[in-house]
Structures are given as structure tokens and as C-alpha cells.
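Protein chains: 2
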Amino acid sequence: MKPCAHKHTHQRQELPALTERLRRQSRKITGPRAAILEILRHHPHPLTTKEIFSEMPKGECDLATIYRSMHLLEKTGIVKRFHFHDGAARFELMEEGSDGHHHHLVCTECAEVVKLEECFPAEIEQKIAKKNGFKAVTHKLEFFGLCPECQR
Amino acid sequence: MKPCAHKHTHQRQELPALTERLRRQSRKITGPRAAILEILRHHPHPLTTKEIFSEMPKGECDLATIYRSMHLLEKTGIVKRFHFHDGAARFELMEEGSDGHHHHLVCTECAEVVKLEECFPAEIEQKIAKKNGFKAVTHKLEFFGLCPECQR
DNA sequence: AGCGCAGTTGCAAACGATTTGCAATCAACC
DNA sequence: GGTTGATTGCAAATCGTTTGCAACTGCGCT
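Protein chains in written order, with the numbering used here: chain L, 1 to 152; chain H, 153 to 304.
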């Protein structure tokens, strides 16, 4: 996996603000959880559990703990889970308040990830829902292609 | 998993036509492969490997063989692989010639699947590709919601 | 500053989907 | 019908993830 060189427009969220969101849901701020949030704060891509694990100072916590934490963070709306081509789930910090719905453009070669503003047109989604009698319709959408670096 | 009652507009592909596509790529027509194609022919939804396996007359072939066959059929363009919410890959027969690109609307409750005609607007996809300097961009898109049956 | 306990953790074992090594078997061409 | 490389069955391995359980620890209460 090549290093990625694209620019990030995120403003990084502060750790206290993040732990506050946990605390507000009467969840404990533990070492592993703080470490995970720290890592996510410094990596503006979706990270796999394994990647988070290996970023952690010398196996500071158990893999199982990370899996459990990711479920908790997802449930409390602090991170969002994504699936790309391989089997592993990836996680990204969510800004507070936003529903976090967005999509990615992923390089099939080097796995560089660009967060996108574009989304599937709501009118068409509604039409699809109505035509088939479905309710509460959402979608999963990811784009794949060759990034500038990998096109040669 | 409830039985699904929606109407299918597919015209079913003939088995000889399917095996012919295999033969053309100098692949052998074996018992397991013919059985898999037969099962896919009669089930117009995306099926998991397990589902194909259990449709098979009294464990006629090994699970590993089905996995291997699905890779072969995918590589030769006879089936297409889909991923829905759960971990398991699903497979659907592709019509010869068509690139088979299409999407589904999946009930989150009963897993009913509707094949969709709608697709992500090509102009927007091109704009995304150009804006980020990516080439050969495609997308994965699936819709999820509550089907009419499950809305109560 | 200390207590108590529900919430958390580590560890190891269990899991489900999928892959693989290997020796036996078979489809397709001669 | 025989040859042979492709294909299969079987069992063991792998990968991502989950779980049972006993030990441990935030943090609200005193």
C-alpha cells in the first residue's frame, strides 16, 4: 500500500470533544478508546481494525477490544463503517451532528481514498422507492478507479 | 427468509448456451459446474455459495468446488458477484454480451431483492473522475429499505 | 481518598466465509 | 479407448470477526 499524497480538507476534531461525546452517552473513557480516537483523528481515511491495531503503541490493546470499541463508537454515532472491495470493514470519524452520509472514490491499485461530496440523486432514489413500494430507502455507493499516481 | 413474490422480467438463459460460453474459453463442463448453472438459471436472485450448495441434490458436490467454480464463472464473465449487507458474496447469471452492470434494492428485513434499471448518472460519475484525476471509474451501488410486505 | 459495581478488558477459543495443498478423478482431445 | 492437464473432494489453513469468562478499572458516590 503506497503512501497517499492527497490533500485533506477536514478540520481535525479535538480529542476532548470526542471523548465528551462518549461521556455524554455514559460510556467510559478508557485507554484503548482514547487511543483509537487519537489514531482516527490523525488518519483522515477509513481505517481497518488491523490498521488501527498496528498504529497502536506496541500492541497497547487487544484486537478484540478494538472490534468491540468500533461497534460502540459506531452505535454512538462517533464513527461510520464502510466496506470497500476487500473483506475488511473500515472506519472514519464522523463530525458531530451530520448524519455522516457520504461516499468515497477508491484507487483499485494503491487504495488511496478520496471523500466525495457527490451523492446519489435524491429524486431518483425516491422514484425507485415509490415504484417498488419500498420505504426508508438508503443506499451504499462507492466509486473505484485508478488514481493519478497509479495511471502509468 | 420469506419467500419472495415479485415478478421477474428475465428471460431464462438456456443451459447449453451457458456451457457453450464455458467451452469457448476451453473450460471443462463438469457435473458440479452444470449443476451450479442449472441452479442459477432457476433462481433469478443473487444466490450465496451456501444457497447454491443447499439447492444441490443431496450434497452432490463440495462447497470448496462451488467456491472455485464461482471464481471461474466470474472470471469468464458468466456470473457477477454482489455484496449486500451481510458478509456473504452473492452471484447472479449475466446475459451474454451485456456488461451486466446493474444494481439492487434489498429489503433489510426479509432480504427480498429487486433488480433495478436505474444507475448512477454517468455525467456525474465523469465529473467525479475528472475532478479527482481518476481514470476507469466505476461504482458499486446498492439500495436498502423495507419492502411492502415488511412495512407493518 | 476511598468504595463499589457496572462497564471494560485480555485472552483464548469459537465462528462463518472463503481459500488452499494434495492426491485421486475426470472431461476433452487424440 | 488412452493420455493428460484441468478439476474435484477432503481436510486443514486462513482471515475477519465475535464471544465467554474471569480479572480489572473508570467514575459517581460517600
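Backbone N, C-alpha and C fix where the C-beta goes; we use that ideal spot for every residue, glycine too.
Paired residues, beta bridge with residue i - DSSP
i, result
"H:Arg233", "H:Phe243"
"H:Val266", "H:Leu257"
"H:Gly297", "H:Cys259"
"H:His291", "L:Phe143"
"L:Leu47", "L:Phe91"
Sub-8 Å separation of residue i and residue j beta-carbons
i, j, result
"L:Phe134", "H:Leu298", "yes"
"L:Arg90", "L:Thr48", "yes"
"L:Thr76", "L:Arg21", "yes"
"L:Cys150", "L:Cys107", "yes"
"H:Ala263", "H:Lys202", "no"
"L:Leu93", "L:Leu105", "no"
"L:Asn132", "H:Val265", "no"
"L:His153", "L:Phe143", "It is not possible to answer for residue 153 of chain L, since the shown part of chain L is limited to 1 through 152."
"H:Lys167", "H:Ala186", "Note that residue 167 of chain H is Leu in the sequence shown, not Lys. Their beta carbons are under 8 Å apart, which means H:Leu167 touches H:Ala186 by this criterion."
"L:Gln13", "L:Glu95", "yes"
"H:Leu189", "H:Leu170", "yes"
Test: residue i CB closer than 8 Å to a CB of chain H
i, result
"L:Pro148", "yes"
"L:Cys4", "Here L:Cys4 scores only 43 on pLDDT, less than 50, and its place in the model is too uncertain to base an answer on."
"L:Lys7", "Reliability fails at L:Lys7, whose pLDDT of 44 lies under 50, so the model's placement of it is uncertain and no value is given."
"L:Glu92", "no"
"L:Gln126", "no"
"L:Ala88", "no"
"L:Lys140", "yes"
"L:Leu63", "no"
Nearest-angstrom Cβ-Cβ length linking residue i and residue j, presumed shorter than 8 Å
i, j, result
"H:Ile204", "H:Ile218", "6 Å"
"L:Pro32", "L:Ser69", "6 Å"
"L:Glu55", "L:Ile39", "5 Å"
"H:Lys232", "H:Gly252", "5 Å"
"L:Phe82", "L:Pro46", "5 Å"
Any chain L beta carbon closer than 8 Å to residue i
i, result
"H:Pro273", "yes"
"H:Ala288", "yes"
"H:Val231", "no"
"H:Met153", "Any reading at H:Met153 must be qualified, since the residue scores a pLDDT of 42, below 50, and its modelled position is unreliable; the value itself is stated next. So, not an interface residue."
"H:Gly252", "no"
"H:Val266", "yes"
"H:His235", "yes"
Closer than 7 Å: residue i CB and nearest the ligand NAD heavy atom
i, result
"H:Arg304", "Inclusion of the ligand NAD in the displayed structure is not the case, the ligand content being empty and no account of it being possible."
Report task. Could you tell me which uninterrupted alpha helix (DSSP H) segments, each at least 4 residues in length, are contained entirely in the region 166-190 of chain H, listed from first to last along the chain? Result -> 167-176
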